Amino acid sequence: MSGNDTLTPAPTMPAGIPGSALAGPFGVGEYAAALRARLREFARVQLVGELADLRPSRARVYFELRDAHGAIPCAAWKADWEAVVQRVGAVREGMQVVVAGGCDYYPGSAAASPSFSFAVSDLRVAGEGDLLARIDRLRKALAAEGLLERQQRLSRPQLPRTIGVVTGEGGKARDDVLAGLRRRGWAGTIVWGFAPVQDRHAAPAITRALQDLAAVGGVDVAIVARGGGSLADLLCFCDETLCRTVALLGVPVIASVGHHTDRTLLDDVAAVSCSTPTHAAEEAVGVDCAQARAELGRAAKRLHRHGHRAVLERARTLAALSRAPTEQLERQRTRLHQQLREIRAGARRRVEAERALTRRRAVVLERKTQAAVGDCRRRRPRELERLALALAAHDPQRTLERGYALVQGPTGEPLSSAARAREQTQVRLHFADGAVGARIEEQGS
Amino acid sequence: MSYEANVARVEEIIRRLDSGEASLTDTLQLVKEGKELIERCAVELEAVGGALEELRLEELVARLEGEAAKSEAGG
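Read top to bottom, the protein sequences are chains A and B.
The first sequence lines up with residues 0 to 444 when you count with numbering that gives the first Met the number 0.
The second sequence lines up with residues 0 to 74 when you count with numbering that gives the first Met the number 0.
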């Protein structure tokens, strides 16, 4: 503002600085309103630059337009921005864009801060910005050298004893890491490697801290943490030296340097990339220590039970086995006794039956004997007499006495036919009163 | 072996014991091994179960460098 013709010092205003040649004092609100009016008089133009620090709010979308020589804060009404997005597609940080608009100034109030911005009414995407193109080239180069997988191949202990953390000393990320570790119930050793995390000194300092963490030894895992920021703020995590150092480090590195939408080259080369420092801490300690203690206790009890049961059950089995022969013997003995009793009883029954049978037979015999004796006494003399008579009837002597003779051969055999007598020369003739020799004159015909 | 490897082996041992297929000799051997592994795991957990120890890297580096310098001077 070249003059004070439009501004008049208020009559209630305090006096100005003694000796000052400058006009005023004026009320600041009045001056701010005049400034806005003057800025709006500036020619409306088109600017070209790289879009950075994109921050949508409820009514407006804020961002910065940058190039190698300077930057301008920009703001667009939500409706204008959505019309642009509808026409050109998603607009991202790092893009080269042409914006149309003019200078504006929000004068603020007693409760609201003032701000200058280039009020954007239209936008055209001119191409991927140098920044994104450069990062993309470097990513491809690292990938071609196999540096994006080296960290992922490192073994990472689930329960580290020592964790190295590289972060800003006064940043919120430090508290978030501690909160994540507390949530895991972890209380080992933390080695803090404090370093700036967003200016031009950041990348070399972080690189050195990581190298030192690896060099001191005993660090099981390292975390690089910072809160989210614009891509421009996170540029240090796309530094080639830092990324190559991490890729070749022997200690696994967990990166947590931005939000979901911000992916740096460090995220690509690290063993793991996490969205928040809290998540990174939980990733560094893979087990919930309190839960692990409980599980270990349960496992110990199960093992003890198994050991105890294995011995006890087998001891019971052995005891049962050792009792088995005795029981078997006892069973056999009982069985034998039973059989013996049965045999004895059977024998007694048999003897009794035999005895009874014998008694019956004896009685029968007795009866028969008595009957036979009685019979003999009556019948036998008559029978003997009859037999004697029958026998006497067959006595040859009796026949001889009736005048017959018995002819015998030389050897005494009876000759009962003439034919047999003709075969002999000498025979003997028996009569009732004696025998005489005789000669056969008529020989066989 | 790492903590997680020890835990994995303990789980394997318990699975084997649960199957009931281990002989008495195997059971006793497995229980002995399992108890030793649990003891090792407990030591690991104990190491991170006390009070959090916080060290500053630059102090650690300075101390190590000092020790190295002394060692060189002594040698």
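Idealized CB from N, CA, C, for every residue including glycine.
Predicted, not measured: the structure shown is a model, and the values here were computed from it.
- Residues of chain A whose Cβ lies closer than 8 Å to the Cβ of B:Val42 do not exist; the shortest such Cβ separation is about 11 Å.
- Among the residues of chain B, those whose CB is under 7 Å from the CB of A:Ala186 are Val47, Gly48, Gly49, Ala50 and Leu51, following chain order.
- Near chain B, meaning a CB-to-CB distance below 8 Å, the residues of the stretch 295-309 of chain A are Leu295, Ala298, Ala299, Arg301, Leu302, His303, His305, Gly306 and Ala309.
- In summary, A:His305 is buried, with 16 or more beta-carbon neighbours lying within 10 Å of its beta-carbon over all protein chains present.
- At a cut-off of 8 Å between beta-carbon atoms, A:Asp175 makes no contact with chain B.
- For the pair A:Val165 and A:Leu234, the CB atoms are not nearer than the 8 Å cut-off.
- Per DSSP, A:Ile16 is not a residue of any beta strand (DSSP E), being assigned neither H nor E.
- Within chain A, the residues Leu302 have their CB atoms less than 7 Å from the CB of B:Gly33, given in chain order.
- For A:Gln45, the enclosing beta strand (DSSP E) starts and ends at Val44 to Pro55.
- Considering only A:Arg65, A:Ala221, A:Ser56 and A:Gly69, the residue with the shortest C-alpha distance to A:Ala78 is A:Ser56.
- Between A:Ile189 and B:Glu57, the C-beta gap is not smaller than 8 Å, which leaves the two residues out of contact.
- Residue ranges of uninterrupted beta strand (DSSP E) with 3 or more members, entirely inside the stretch 223-286 of chain A and ordered along the chain, are 252-255.
- Contact note: A:Asp211 reaches chain B through Leu56 and Val60, using a C-beta cutoff of 7 Å and chain order.
- A contact between stretches requires three or more CB pairs, one per stretch, nearer than 8 Å, and the stretch 427-434 of chain A fails this requirement with the stretch 266-280 of chain A.
- In the DSSP assignment, A:Thr206 falls outside any beta strand (DSSP E) and within the unbroken alpha helix (DSSP H) covering Ala201 to Val215.
- Judged by DSSP in its simplified three-state form, B:Asp25 adopts helix.
- Taking a beta-carbon distance threshold of 8 Å, B:Ser18 does not count as an interface residue toward chain A.
- Residues are counted here when their Cβ sits less than 9 Å from a Cβ of chain A; for the stretch 2-16 of chain B these are Tyr2, Glu3, Val6, Val9, Glu10, Ile12, Ile13 and Leu16, given in chain order.
- Fully contained in the stretch 74-155 of chain A are the following beta strand (DSSP E) runs of length 3 or more, in chain order: 94-105 and 114-127.
- The residue among A:Val268, A:Ser255 and A:Arg262 with its C-alpha nearest the C-alpha of A:Ala279 is A:Ser255.
- The secondary-structure analysis by DSSP pairs A:Pro324 with nothing; it has no beta-bridge partner.
- Between A:Val286 and A:Leu158, the C-beta gap is smaller than 8 Å, which places the two residues in contact.
- Looking at the DSSP output, A:Tyr61 sits in a beta bridge with A:Arg54 and A:Ala74.
- Residue nearest to A:Ala214 within the set B:Ile13, B:Leu27, B:Ile12 and B:Ala61 is B:Ala61 (criterion: CA-CA distance).
- Against chain B, a Cβ distance below 7 Å from A:Val250 picks out nothing, because the smallest value is about 13 Å.
- Per DSSP, A:Gly192 is one residue of the beta strand (DSSP E) stretching across Thr188 to Phe193.
- For A:Leu264, the closest alpha carbon among the candidates A:Ala142, A:Gly167 and A:Gly23 is that of A:Ala142.
- One Cα belongs to A:His303, the other to A:Arg160, and the distance between them is close to 28 Å.
- Rounded to whole angstroms, the gap between the alpha carbons of B:Ile37 and A:Leu317 is 31 Å.
- Distance from A:Arg421 to A:Glu400 at the Cβ level is roughly 28 Å; contact not present, criterion being Cβ atoms closer than 8 Å.
- For B:Arg15, the enclosing alpha helix (DSSP H) begins and ends at Tyr2 to Ser18.
- A:Ala299 is positioned such that its CB atom lies no closer than 8 Å to that of B:Leu27.
- The C-alpha of A:Val406 lies about 55 Å from the C-alpha of A:Val363.
- In the structure shown, the three-state DSSP call for A:Glu168 is coil.
- Within chain B, no residue has its CB atom less than 9 Å from the CB of A:Ile253, the nearest being about 16 Å off.
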